Amino acid sequence: MKQEHLISTEEFCTHYKVEYSFIDSLDRYGLIEFTRVNESTFIDTDKLSELERLVRLHYDLEINVEGIEAITYLLNRVSGLQNEIISLRNRLNIYENGD
Amino acid sequence: MEFVDYYKTLGVDKNAKTEDIKKAYRKLARKHHPDLNPNDKEANKKFQQINEANEVLSDPEKRKKYDQYGKDWQHADQFEQARRQQGGQQGFGGGYTYSGDGGEEDFSDFFESLFGRSAGGGRGRQTKFRGQDYNAELRLTLSDAYNTHKQTLTVNGKNVRITIPAGIENGQVIRLTGYGSPGVNGGPNGDLFITFSITNNSKFKRMGNDLYATIDLDLYTAILGGEITMDTLSGKIKLKVKAETQNGSKIKLKGKGFPLYKKEDQFGDLFITYNIVLPTNLTDVQKELFTQLSKS
């Protein structure tokens with residue numbers, strides 16, 4: 050992984066006015082993948098929007114890390130079920146319309 | 062333009078205390094927040110409405126003005142004029158507003174007529190609004206969806222080059238984070254949601270990752286067996302036909318179906334149904350041979 054695609058978590062915390070302990074909790078709960086380079090923690094720019102989403106859930110909606118973990122799990126399930134609906138709908142189309 | 066009942070939006074009484082408003086708002090925001098309701102336009106709209114209601118009711122000055130002139134919003138301009146003549150403060154300090162989809166431009170006409178376009182702001186991180194999401198539809202053929210390929214889309218005048226992984230489903234939505242409308246006051250950009258519409262340009266029927274096809278087989282190959290060639294989405298393949306193959310019999314070609322989405326080198330199966338075609342316009346000799354066969 051190229052280092053220029055990484056943002057240090059310290060820089061992220063300063064920019065978004067976020068406590069480092071929150072980032073540390075996300076890391077401990079395995080809610081987002083961080084990269085360690087020379088004892089510093091970085092976030093991949095591809096995962097930045099996901100980290101921003103977790104920050105919004107915590108700071109805007111006052112949801113603790115345990116809650117965020119449960120929400121992430123349920124949203125993934127919802128996404129899986131939505132994909133299953135799409136797949137079943139397409140299968141139904143074959144029988145109804147012959148597509 | 063219709064009057065908007067902000068108390069009704071938040072489900073609170075007109076005499077509700079600031080604490081009750083805050084509590085009601087938080088409860089509704091948790092229910093309708095865009096991060097908790099991805100791809101849900103209704104929830105998004107509702108979230109904007111409750112944000113707007115909170116913007117007004119959590120701010121004592123705005124609430125006072127709303128209570129005083131709310132139902133009579135047409136006179137709000139006169140109120141503003143009078144306030145300016147009295148040297149009143151321009152703008153209001155915002156209340157506690159969650160960030161989410163939308164922005165100042167998404168406040169209702171009612172809000173803007175009463176408070177102006179610039180009144181949507183608040184303080185600190187609360188003033189940041191996420192940009193609007195964009196939605197686009199991309200049409201592909203089944204053959205296109207079979208291979209991973211790059212495509213350039215033009216969304217609001219901007220070219221976006223995307224990689225479409227093989228195996229994408231009809232109706233599947235992919236999200237490109239940050240490719241939506243720019244955020245307001247340093248808020249994050251919205252996202253771009255692309256819905257794929259896949260039309261079938263082939264003889265195959267797709268069910269998930271499996272493909273189904275019916276192919277014609279001449280009588281002689283069906284009876285005596287042999288080898289035939291058929292076209293698939295990945296090129297021509299040779300099939301060995303067993304002797305005495307029955308009409309309507311099926312064979313399964315493992316791994317010759319559709320690619321699995323984002324799973325490299327993994328494919329579904331291809332199911333083939335044989336349709337045996339009887340010969341027509343028989344010559345006298347052929348008729349005689351069939352007669353002999355029928356008596357044997």
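The listed protein sequences derive, respectively, from chains A and B. Quick note: the first sequence uses our numbering, first residue 50, plus one each step. Quick note: the second sequence uses our numbering, first residue 62, plus one each step. C-beta: ideal position from N, C-alpha, C; glycine also. Bear in mind the structure is a predicted one, so any value in this text is a computation, not a measurement.
Cutoff 8 Å: residue i Cβ touching any chain B Cβ
| i | result |
| --- | --- |
| A/R138 | yes |
| A/R126 | no |
| A/E82 | no |
| A/S74 | no |
| A/S98 | yes |
| A/I101 | A quick correction: the sequence has Glu, not Ile, at residue 101 of chain A. So yes, A/E101 belongs to the interface. |
| A/R105 | yes |
| A/I56 | no |
| A/L110 | yes |
| A/I143 | yes |
| A/I92 | no |
| A/L135 | The displayed chain sequence assigns Ile, not Leu, to residue 135 of chain A. Yes, contact with chain B. |
| A/I117 | no |
Backbone secondary structure at residue i - three-state DSSP
| i | result |
| --- | --- |
| B/Y68 | helix |
| A/E145 | helix |
| B/G154 | In this prediction, B/G154 has a pLDDT of 32, which is less than 50 and means its spatial position is unreliable; nothing more can be read from the coordinates. |
| B/Q129 | helix |
| A/V104 | helix |
| B/N76 | coil |
| A/I112 | coil |
| B/D326 | coil |
| B/L294 | coil |
| B/G287 | strand |
| A/K96 | helix |
| B/L203 | helix |
| A/V127 | helix |
| B/Y335 | strand |
Member of the options whose CA lies at the smallest distance from the CA of residue i
| i | options | result |
| --- | --- | --- |
| B/N115 | B/I82, B/Y127, B/P99, B/K106 | B/I82 |
| B/K324 | B/K126, B/P226, B/E113 | B/P226 |
| B/P249 | A/F83, A/I81, A/E88, A/E99 | A/E99 |
| A/F61 | A/L97, A/I117, A/I81, A/L80 | A/L97 |
| A/N125 | B/P99, B/E122, B/M291 | B/P99 |
| A/R102 | A/V86, A/I72, A/E133, A/E59 | A/I72 |
| B/D252 | B/P95, B/V73, B/T79, B/K297 | B/P95 |
| A/T90 | A/Y78, A/L106, A/D109, A/Y69 | A/Y69 |
| A/E111 | B/L199, B/L89, B/K123 | B/L89 |
| B/R191 | B/V234, B/G244, B/A283, B/K123 | B/G244 |
| B/R222 | B/N196, B/K211, B/D120 | B/K211 |
| B/I333 | B/G269, B/Q347, B/L278, B/V346 | B/L278 |
| B/K313 | B/D101, B/G329, B/N76 | B/G329 |
Test: residue i CB closer than 8 Å to a CB of chain A
| i | result |
| --- | --- |
| B/H94 | yes |
| B/R184 | Only weak support is given to the placement of B/R184: the predicted model assigns it a pLDDT of 35, under 50, and the question is left unresolved by the model. |
| B/P320 | no |
| B/P249 | yes |
| B/R200 | no |
| B/A85 | no |
| B/G239 | yes |
| B/A197 | no |
| B/A90 | yes |
| B/L97 | yes |
Presumed contact (8 Å Cβ cut-off) between residue i and residue j, rounded CB distance
| i | j | result |
| --- | --- | --- |
| B/G232 | B/T256 | 7 Å |
| B/N261 | B/L201 | With 8 Å as the limit, B/N261 and B/L201 do not qualify as a contact, their Cβ atoms being about 11 Å apart. |
| B/Y335 | B/S310 | 5 Å |
TODO: Please name the residues in the stretch 252-271 of chain B whose beta-carbon is closer than 9 Å to at least one beta-carbon of chain A, in chain order.
DONE: D252, I259, T260, N261, K266, R267, M268, G269
Task: Residues of the stretch 206-233 of chain B whose Cβ lies closer than 8 Å to any Cβ of chain E, in chain order - done: No chain E appears in the structure shown, which is made up of the protein chains A and B.
Task: Contact list for the stretch 293-327 of chain B against chain A, Cβ threshold 7 Å - done: none
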